[in-house]
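The sequence shown: position 163 = 165 (the working numbering), numbered continuously.
Even for Gly, the Cβ is constructed at its ideal location relative to N, Cα and C.
Report on the following structure.
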Amino acid sequence: MDVKQVLFMSKGDAENNYARASSYTQKIASSAKPTIASTVDSLLEEGFFPCKLLNVADLGCAFGPSTEAFMSTVIESVQKKCACLNCSTPEFQFYLKDLPGNDFNTLFKGLSNFSQNYESLSCFIMGAPGSFHGRLFPRNCLHLAHSSYGAHWLSRVPNLTSQEGFPLNKGRIYISETSPGVVKEAYLAQFQADFSTFLKFRSEEMVDNGRLVLILNGREDKDFANLDDYFCCEKLGEGFVKEEKLDTLNVQYYTASPEEV
Ligand SMILES: C[S@@+](CC[C@H](N)C(=O)[O-])C[C@H]1O[C@@H](n2cnc3c(N)ncnc32)[C@H](O)[C@@H]1O
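Structure below.
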């Protein structure tokens with residue numbers, strides 16, 4: 003199964019849709035504001051002007067309030083910096099990217115107030131499908147790229163079947179304390195391959211001195227000992243999924259430690 007064709011956050015405006023069920027990532031987006039503001043500040047320091055257009059991307063945007071929070075922080079930080087430097091505000095081009103299954107309609111419906119708030123600016127927003135495990139933009143065009151809680155998603159589930167065809171992660175859907183070492187190694191190798199290509203493609207797409215802000219779900223401990231980091235996978239592994247399905251199901255993300263990143 004090609005997961006990038008089928009992966010999406012719960013859609014529409016129902017009670018359990020992603021926009022309503024994403025309070026955790028919204029808190030993260032809110033706590034990232036000072037980092038984004040200081041990143042914009044440093045970007046505009048280094049000979050940015052007389053550039054008249056700021057190209058900004060949100061990679062793995064989904065369709066909740068986090069994208070709006072990110073775009074507002076960028077715009078307000080640029081305005082503040084331009085007022086300090088006594089120069090005119092550039093035009094903004096925002097590119098909102100996610101997999102093809104993302105609910106881009108709900109994303110854009112939710113942004114109607116946003117556009118009104120910044121009516122006096124030249125601010126253009128474009129949404130388009132694409133995987134951040136591949137090239138998304140022409141060379142040398144992005145000034146600022148951001149991805150919050152997305153880049154720990156892998157391009158595929160690593161191969162967790164033995165040569166004889168037996169499931170290596172039996173009874174689990176992610177790395178747990180009891181998973182054999184080979185499972186951890188396979189996940190780490192997949193993360194390293196994917197994260198390396200993620201950075202390689204972004205380095206081609208970004209201008210010199212561009213900025214990349216990445217927020218990943220990770221783990222603090224070296225050995226997957228702290229189960230709080232991925233408790234929901236343990237719970238799913240403990241009875242909500244039928245045994246035969248469980249043995250062939252493994253989640254498609256990796257919670258890296260700082261050393262691994
Ligand atoms: C947990 S959501 C985070 C959404 C949003 N950034 C936020 O902070 O609320 C992760 C998003 O990453 C997207 N994603 C996962 N793999 C991706 C890929 N290969 N390319 C682009 N987006 C991807 C998912 O579709 C999902 O919308």
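Closest Cα partner of Ser-79 within the set Gly-103, Leu-146, Asn-211: Leu-146
Applying the 10 Å Cβ sphere with the 16-neighbour rule, what's the burial state of Ala-191? exposed
Have a look at Phe-106 and His-154 and give me their C-alpha separation to the nearest angstrom. 21 Å
For Cys-86, is the classification buried or exposed, using 16 other Cβ atoms within 10 angstroms of its Cβ as the cut-off for buried? exposed
Terminal residues of the continuous beta strand (DSSP E) containing Tyr-97? 93-100
Alpha carbon of Ser-122 to alpha carbon of Lys-82, nearest angstrom: 15 Å
Span of the alpha helix (DSSP H), counted from its first residue to its last, around Gly-183: 183-207
Could you have a look at Tyr-255 and say whether DSSP puts it in helix, strand or coil? strand
If you follow the alpha helix (DSSP H) that Ser-117 is in, where does it begin and where does it stop? 114-119
How many whole angstroms separate the CB atoms of Lys-35 and Thr-75, which I take to be in contact at a CB cut-off of 8 Å? 5 Å
Per DSSP, which residues does Arg-158 bridge with? Please list them. None; Arg-158 has no bridge partner.
Does the beta carbon of Phe-134 fall short of 6 Å from some heavy atom of ligand 1? yes
Does the beta-carbon of Tyr-255, which I'm using as the reference point, lie nearer than 6 Å to any heavy atom of ligand 1? no
For Pro-102, I'd like the list of residues in its chain whose CB is within less than 6 Å of its CB, leaving aside the five on either flank, ordered along the chain. Pro-131
On the three-pair Cβ rule with 8 Å, is the segment 115-129 touching the segment 177-190? no
Locate the beta strand (DSSP E) running through Phe-126, then write down its first and last residues. 125-131
Start and end of the alpha helix (DSSP H) containing Ala-71? 67-87
For Leu-156, which residues from the same chain have a beta carbon less than 7 Å from its beta carbon, with the 5 sequence-adjacent residues on both sides left out? Gln-192, Phe-193, Asp-196, Gln-254, Tyr-255, Tyr-256
Quick check: the Cα distance between Leu-218 and Ile-30, rounded to an integer number of angstroms? 10 Å
Label Val-263 either buried or exposed according to how many other C-beta atoms from any shown protein chain fall within 10 Å of its C-beta, with 16 as the threshold for buried. exposed
Under 6 Å: does the beta carbon of Gly-212 sit that close to some heavy atom of ligand 1? no
Run the proximity test for Met-73: is its beta-carbon closer than 6 Å to any non-hydrogen atom belonging to ligand 1? no
Which residues does DSSP pair with Ser-149 in a beta bridge? Leu-216
In or out: Arg-141 buried (at least 16 other Cβ within 10 Å) or exposed? exposed
Check whether the Cβ atoms of Leu-61 and Lys-99 sit closer than 7 Å, and answer yes or no. yes
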